[in-house]
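Inspection log for the structure reproduced underneath, given as structure tokens.
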Amino acid sequence: MSFRHLDQYATVPSPMTRTLPTARVLAVVVVAVGTATLPLGAWRHLAVLAAIVVGLVAAAKLPARAVVTRLAGPFVFILLASAALLVLVPGEPLWHMGPVGISKAGVERFGFVLGRASVALTAAVILVSTTSFPELLHALRQLRLPAVVITALGLGYRLLYLLVDEIERLQRAARSRNAAGGAARRRHVLVGIGASAMARAFARGERTHSAMLARGFAGDLPSLTPRHWDLRSSLLLVALSGAVAAVTVAAHLEF
Amino acid sequence: MAHIPDGFLSVPVMAGSATASVAALALAVRRTRRHLEEREAPVLGAATAFVFAAQMLNFPLGAGTSAHLLGGVLVGVILGPWAGMLVMFAVLLVQALLFQDGGIGALGANTLNMAVFGVGGGVLVYRWLLALLGVGLRRRVAAGAAAAFASTMLVGIAAAVELALSGTVPIGPALVAVGGGHVLMGVGEGVITGAILQMVLRGRPELVSGVPEPSRSGRVLAWGFAVAAVVLAVVAGYGASSRPDTLERAIDRLGIARLETSYLTAPFSDYSAPVGGAWLAALVGLVVVFVVAWVVSRLFLRRSPPP
Chain A
2 MSFRHLDQYA TVPSPMTRTL PTARVLAVVV VAVGTATLPL GAWRHLAVLA
52 AIVVGLVAAA KLPARAVVTR LAGPFVFILL ASAALLVLVP GEPLWHMGPV
102 GISKAGVERF GFVLGRASVA LTAAVILVST TSFPELLHAL RQLRLPAVVI
152 TALGLGYRLL YLLVDEIERL QRAARSRNAA GGAARRRHVL VGIGASAMAR
202 AFARGERTHS AMLARGFAGD LPSLTPRHWD LRSSLLLVAL SGAVAAVTVA
252 AHLEF
Chain B
185 MAHIPDGFLS VPVMAGSATA SVAALALAVR RTRRHLEERE APVLGAATAF
235 VFAAQMLNFP LGAGTSAHLL GGVLVGVILG PWAGMLVMFA VLLVQALLFQ
285 DGGIGALGAN TLNMAVFGVG GGVLVYRWLL ALLGVGLRRR VAAGAAAAFA
335 STMLVGIAAA VELALSGTVP IGPALVAVGG GHVLMGVGEG VITGAILQMV
385 LRGRPELVSG VPEPSRSGRV LAWGFAVAAV VLAVVAGYGA SSRPDTLERA
435 IDRLGIARLE TSYLTAPFSD YSAPVGGAWL AALVGLVVVF VVAWVVSRLF
485 LRRSPPP
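If you're matching them up, the sequences are chains A and B in order. So the mapping is simple: my numbering equals the position in the first sequence, first residue as 1, plus 1. So the mapping is simple: my numbering equals the position in the second sequence, first residue as 1, plus 184.
Printed below as a string of structure tokens:
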């Protein structure tokens with residue numbers, strides 16, 4: 002199992018990768034909050050934010066195909082979640098079948114929520130495509146996330162590959178013993194695999210910790226490539242925040 | 185909708201839930217340091233990897249349906265509620281940042297729902313049930329399963345209330361759609377949590393954090409709370425008067441009711457839920473009041489000097 006493909010553009014030289022990872026994380030938060038702030042029906046302003054995000058995709062030198070491919074999976078989930086709004090929001094009925102109906106307000110809200118979520122999602126895809134996991138950890142550390150959470154994230158990420166491989170091996174072994182016949186039998190086997198995976202994860206975690214202590218671990222995972230705030234990253238973040246704030250304020254003033 | 189995506193919540197709800205989550209996580213960090221000490225790093229890392237990996241296993245539930253483990257109560261029962269909250273937060277962070285499963289802007293709300301209410305609320309129910317029933321193996325398994333169901337329902341109700349507060353969808357349909365969907369998820373979560381907990385308790389009991397046998401007074405208190413809560417929930421709905429109180433009458437007589445401004449849509453205005461009426465409102469109120477009272481009492485207990 003490998004998630005390496007996620008950050009395959011992290012080493013591509015681009016204005017995005019030259020920007021501090023912490024600024025990239027904050028930029029995604031700014032875009033997510035900015036889109037959430039837009040009032041319902043502010044389509045023109047949402048289009049401006051979408052244009053800004055498309056500009057960031059270009060600045061990151063991400064191929065459109067890669068962005069669309071990565072958007073596809075989460076987009077299906079967002080589409081399903083938004084589609085519920087079609088029938089849940091009351092209003093003037095456009096179409097109905099029995100007790101279930103689609104209202105005009107439901108269609109408007111569905112479209113706008115889907116649009117907002119897609120813009121925020123694209124910003125998150127830019128972040129994950131251009132930022133390696135160690136860089137993300139370093140960014141979270143700079144954002145003052147507690148050391149215990151950073152360490153748990155770092156170790157958890159490293160153990161995850163091993164654990165998923167182990168679970169796949171256990172499942173393969175169970176299948177080879179013909180243990181998957183019938184839902185009840187399969188459930189029993191999967192529970193056994195889950196419990197076994199938990200015990201192995203804890204045992205491996207403790208072994209890893211002993212090895213880390215032997216190498217001088219003092220409670221904090223150091224970053225091999227620490228980067229500090231620079232003027233360029235600060236200015237870019239301020240400019241983006243200003244642009245997003247201007248768009249959202251304009252939307253509320255109906256400008 | 186266990187993981188709320190970006191774009192579904194309003195800024196006040198995002199900010200409010202993020203603030204509450206930060207406060208709860210800060211408390212969790214302090215408590216975790218005290219309990220786990222230097223074992224915290226490998227234990228939390230292993231638990232994070234386990235929860236993440238276990239969510240990839242799909243368990244058949246029958247009738248063509250399947251469910252995957254959320255893991256909140258399981259990890260909370262094994263590590264304790266505070267470390268469990270941190271593990272769930274780490275999992276949510278990785279899911280939001282790397283897999284876009286749940287929005288980055290909505291991370292505060294998702295943390296509040298799944299880490300604070302899901303793990304904290306679930307473990308609270310688990311310990312309350314153990315105080316009622318005792319701490320034998322079967323009882324711990326049953327309490328774990330029931331707590332996992334309750335935890336999933338809490339997550340669903342919290343998500344529905346946040347969506348309603350954001351004005352995305354009215355509270356009634358939100359509770360039916362999101363809360364109702366979580367009933368099925370809760371059944372699956374309860375079954376899987378109970379089954380895994382049973383195997384771990386039999387094979388590696390040292391992994392599960394211990395629960396002391398409740399004292400006689402503790403058990404009486406737990407039963408007393410249970411009976412009082414049910415009686416209050418049943419009687420209060422019928423006993424409540426629909427007539428205006430003194431302040432409301434004064435507002436009517438002064439003719440200043442038009443000045444009333446609402447900054448937030450209350451999901452249960454006038455103590456009535458759109459679905460379930462006063463019953464559901466009473467039930468939700470009961471759970472919220474209990475959780476708040478428990479947290480406050482724990483804070484005060486910790487601050488009071490030892491005798």
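A virtual CB, placed ideally from N, CA and C, is assigned to each residue, including glycine.
Original post:
Are there 16 or more other CB atoms within 10 angstroms of the CB of B/Q284, so buried, or fewer, so exposed?
Top reply: Counted from its first residue, the second sequence places residue 284 of chain B at position 100. Burial call: buried.
Any idea if B/G387 is buried or exposed, counting beta-carbon neighbours within 10 angstroms, 16 or more meaning buried? Residue mapping note: residue 387 of chain B aligns to position 203 of the second sequence, counting from 1. Exposed, since its Cβ has fewer than 16 Cβ neighbours within 10 Å.
#### Entry: Segment limits, alpha helix (DSSP H) that includes A/P135
On the first sequence, position 134 is the one that residue 135 of chain A refers to. That run of the alpha helix (DSSP H) goes 134-143.
- Element boundaries [alpha helix (DSSP H), containing B/L308]: Locating residue 308 of chain B in the second sequence gives position 124, where the first residue counts as 1. Here the alpha helix (DSSP H) through B/L308 covers 306-317.
Check your understanding: In chain A, which residues lie less than 7 Å from B/R400 when you measure between Cβ atoms?
Key -> Against the second sequence, residue 400 of chain B aligns to sequence position 216. Here the premise fails: no neighbours, minimum Cβ distance about 34 Å.
Q. Quick one: complete alpha helix (DSSP H) runs, 4+ long, within the region 260-295 of chain B?
A. Along the length of the region 260-295 of chain B, whole alpha helix (DSSP H) runs at least 4 residues long occupy 265-283, 291-294, reported in chain order.
- Using a C-beta cutoff of 9 Å, does B/P265 count as contacting chain A? As a working note, residue 265 of chain B is residue 81 in the second sequence. The Cβ of B/P265 sits no closer than 9 Å to any Cβ of chain A.
- [ ] Go through its chain and collect everything with a Cβ distance to A/A247's Cβ below 8 Å, but skip five positions before and after it.
- [x] Position 246 of the first sequence, counted from the first residue, corresponds to residue 247 of chain A. By the criterion of a C-beta distance shorter than 8 Å, A/A247 is surrounded by no residue of its chain, once the five residues flanking it on both sides are discounted.
Just to confirm the assignment, what range does the beta strand (DSSP E) spanning A/S104 have? For this step, residue 104 of chain A is matched to residue 103 along the first sequence. That run of the beta strand (DSSP E) goes 101-104.
**Asked** Using CA coordinates, which residue listed in A/L141, A/A125, A/P14 is at the minimum distance from A/A33?
**Response** Counting from 1 along the first sequence, the entry for residue 33 of chain A is found at position 32. Distances from the alpha-carbon of A/A33 to those of A/L141, A/A125, A/P14 put A/A125 closest.
task = Using the Cα positions of A/V150 and A/S104, report the straight-line distance between them to the nearest angstrom.
result = Along the first sequence, read from residue 1 onward, the residue named residue 150 of chain A stands at position 149. Along the first sequence, read from residue 1 onward, the residue named residue 104 of chain A stands at position 103. Between A/V150 and A/S104, the C-alpha separation is close to 45 Å.
**Prompt:** Going by DSSP, what residues sit across from B/G297 in a beta bridge?
**Reply:** Working through the second sequence from its first residue, we reach residue 297 of chain B at position 113. The sequence given here places Asn at residue 297 of chain B; Gly does not occur at that position. Listed as beta-bridge partners of B/N297 by DSSP are no residues whatsoever.
With H, G and I counted as helix, E and B as strand and the rest as coil, what does DSSP make of B/F243? The residue labelled residue 243 of chain B in the question sits at position 59 within the second sequence. Strand, per DSSP.
- Which residues in the same chain have their Cβ closer than 7 Å to the Cβ of B/Q382, if we skip the five residues on either side of it in sequence? Along the second sequence, one-based indexing puts residue 382 of chain B at 198. Answer for B/Q382: V325, listed in chain order.
Checklist entry - Measuring CA to CA, which of B/H366, B/L316, B/F236 is closest to B/F409? => result Within the second sequence, the letter at position 225 stands for residue 409 of chain B. When the alpha-carbon of B/F409 is set against those of B/H366, B/L316, B/F236, the nearest one is in B/L316.
Practice problem: Tell me, please, which residues DSSP counts as bridged to A/P147. | Solution: Walking along the first sequence from the start, residue 147 of chain A turns up at place 146. Answer is none; A/P147 lacks a bridge partner.
Exposed or buried, A/L154, counting other C-beta atoms within 10 Å across all chains shown (16 or more means buried)? Along the first sequence, one-based indexing puts residue 154 of chain A at 153. The residue in question, A/L154, is buried, as its Cβ has 16 or more Cβ neighbours within 10 Å.
Can you tell me which residues form a DSSP beta bridge with A/W96? The count along the first sequence starts at 1 and reaches residue 96 of chain A at position 95. Per the DSSP secondary-structure output, A/W96 pairs in a beta bridge with A/I103.
**Prompt:** Beta carbon of B/V404: closer than 8 Å to some heavy atom of the ligand ADP?
**Reply:** Absence of the ligand ADP from the depicted structure is noted, as is the absence of any ligand whatsoever, leaving it without description.
* Would the beta-carbon of B/A231 fall within 9 Å of that of B/A267? -> Counted from its first residue, the second sequence places residue 231 of chain B at position 47. Counted from its first residue, the second sequence places residue 267 of chain B at position 83. It is a contact, given that the beta carbons lie within the stated cut-off.
Can you find at least 3 beta carbon pairs, one from the region 74-82 of chain A and one from the region 325-344 of chain B, that sit closer than 8 Å? Segments in contact, no.
| Can the beta-carbon of B/A334 be found less than 9 Å from the beta-carbon of B/G287? | Numbered from its first residue, the second sequence carries residue 334 of chain B at position 150. Numbered from its first residue, the second sequence carries residue 287 of chain B at position 103. No, the Cβ-Cβ distance between B/A334 and B/G287 is not below 9 Å.
Our contact map puts A/T132 next to A/P22 with C-beta atoms below 8 Å; I'd like the distance itself, whole angstroms only.
Your numbering for residue 132 of chain A matches position 131 in the first sequence. Your numbering for residue 22 of chain A matches position 21 in the first sequence. Yes, A/T132 and A/P22 are in contact; Cβ-Cβ is about 5 Å, under 8 Å.
*asked:* Just to confirm the assignment, what range does the alpha helix (DSSP H) spanning B/I380 have?
replied: Within the second sequence, numbered from 1, the residue matching residue 380 of chain B stands at position 196. Annotation for B/I380: the continuous alpha helix (DSSP H) segment containing it runs 364-387.
Going along chain A, which residues have a C-beta under 7 Å from B/A274? The count along the second sequence starts at 1 and reaches residue 274 of chain B at position 90. In chain order: V150, A153, L154, G157.
Would you say the region 185-197 of chain A touches the region 370-381 of chain B, given that touching needs at least three Cβ pairs under 8 Å?
Result yes; three or more Cβ-Cβ pairs closer than 8 Å.
Fill in: Neighbour flag for A/P147 against chain B, beta carbons, 9 Å
Residue 147 of chain A sits at position 146 when you count from the first residue of the first sequence. The beta-carbon of A/P147 is placed less than 9 Å from the nearest beta-carbon of chain B.
Residue burial classification, A/V260 (beta-carbon count within 10 angstroms, cutoff 16):
Residue 260 of chain A falls outside the range modelled here, since chain A spans only 2 to 256, and no answer is possible.
Fill in: B/M240 classed as buried or exposed, judged by whether at least 16 other C-beta atoms fall within 10 angstroms
As a working mapping, residue 240 of chain B is identified with position 56 in the second sequence. Exposed, because fewer than 16 other Cβ atoms sit within 10 Å of the Cβ of B/M240.
task = Classify A/S83 as buried or exposed, calling it buried when 16 or more other Cβ atoms lie within 10 Å of its own Cβ.
result = For this step, residue 83 of chain A is matched to residue 82 along the first sequence. Result: buried.
| query | Under three-state DSSP, which class holds B/H187? | reply | Translated into the one-based positions of the second sequence, residue 187 of chain B becomes position 3. Coil.
| task | Give the straight-line distance between the Cα atoms of A/V58 and A/G112, rounded to the nearest whole angstrom. | result | Counting from 1 along the first sequence, the entry for residue 58 of chain A is found at position 57. Counting from 1 along the first sequence, the entry for residue 112 of chain A is found at position 111. Answer to the nearest angstrom: the Cα atoms are 23 Å apart.
Per-residue DSSP class, three states only, for B/H252 = The sequence position of residue 252 of chain B within the second sequence is 68, counting from 1. B/H252: strand per DSSP, three-state reduction.
Review point. Since A/A61 is in the alpha helix (DSSP H), which residue starts that stretch and which ends it?
Key: Your numbering for residue 61 of chain A matches position 60 in the first sequence. Per DSSP, A/A61 lies in no alpha helix (DSSP H) and is assigned neither H nor E.
Fill in: Any 3 or more C-beta pairs closer than 8 Å across the region 52-68 of chain A and the region 7-19 of chain A
Touching, per the Cβ criterion.
Exercise. Taking only the alpha-carbon atoms, compute the straight-line gap between B/G289 and A/L156 and give it to the nearest angstrom.
Key: Numbered from 1 along the second sequence, position 105 holds the residue referred to as residue 289 of chain B. Numbered from 1 along the first sequence, position 155 holds the residue referred to as residue 156 of chain A. Per the coordinates, the alpha-carbon of B/G289 lies some 25 Å from the alpha-carbon of A/L156.
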